[in-house]
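For the sequence shown, the positions run 687 to 847 when the numbering used here is used.
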Amino acid sequence: MADLWNIFTDLDYALSVVEMANDVYRAYPGPDALIGLKIPPPNVKKASATRARHAATIGAVELPPVEPETIFSIAARTKQAQDVQWAVLTLLAIDATFREEVARKSPPMAAQLARELPARFERYIMGKPPNIAAMTPHEAVLDFTLSIQTAFSTITETASV
């Protein structure tokens with residue numbers, strides 16, 4: 687596992703991390719994963735449901751099943767730096783084990799930055815009333831990479847003194 691700097695600067699390493707996350711987070715969590723409630727099926731009589739289904743499919747184009755995409759699958763497919771950085775940022779925010787491994791390998795100031803990421807990620811996505819607006823993924827990546835650069839430049843300056 688690399689430190690925070692290498693994860694955001696080495697595209698090949700970041701892609702390997704994203705592909706690993708894509709394998710882990712590929713499965714659809716189901717309709718009750720976020721809210722904890724199962725939605726009951728609509729109360730429809732069997733006969734009318736069959737007739738309605740038949741009527742609805744006349745002339746319809748056959749469609750393959752939809753594979754739900756995640757930021758990890760998008761980043762693995764496009765290999766664009768911005769997508770890969772957003773995927774790594776997301777992984778750091780949602781996976782505590784990965785976040786701790788990265789924090790352990792990073793210098794103290796960068797480790798603190800990694801550990802504070804879930805709260806920061808929430809602020810990126812939702813904003814914070816009254817005056818902090820939500821950010822786009824592009825703005826969030828720029829903000830976080832600037833924080834990483836500041837943390838590591840401070841570490842470099844301290845080491846050279």
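Ideal Cβ positions, reconstructed from N, Cα and C, are used throughout, including at glycine.
Among the options, the one whose alpha carbon lies nearest that of residue i
i, options, result
"A800", "D709, Q835, R712 and S702", "Q835"
"P754", "S792, F784 and Y711", "Y711"
"R806", "M795, P816 and A820", "A820"
"T822", "E748, I760, D769 and P816", "D769"
"F694", "R763, L775 and E748", "L775"
"A707", "L749, T840, S759 and A688", "S759"
Cα-Cα separation, residue i to residue j
i, j, result
"L828", "Y810", "11 Å"
"E802", "A826", "14 Å"
"L690", "P816", "31 Å"
"M812", "I818", "9 Å"
"L777", "T756", "11 Å"
"P751", "A713", "14 Å"
Own chain partners of residue i with C-beta closer than 8 Å, once the 5 adjacent residues on each side are dropped
i, result
"A767", "L697"
Cβ shell of residue i (< 6 Å), same chain only, five flanking positions each side left out
i, result
"A761", "V704, D769, V770 and A773"
message: Going residue by residue through the segment 760-789, where are the continuous beta strand (DSSP E) segments of at least 3 residues, counting only ones entirely within it?
response: none
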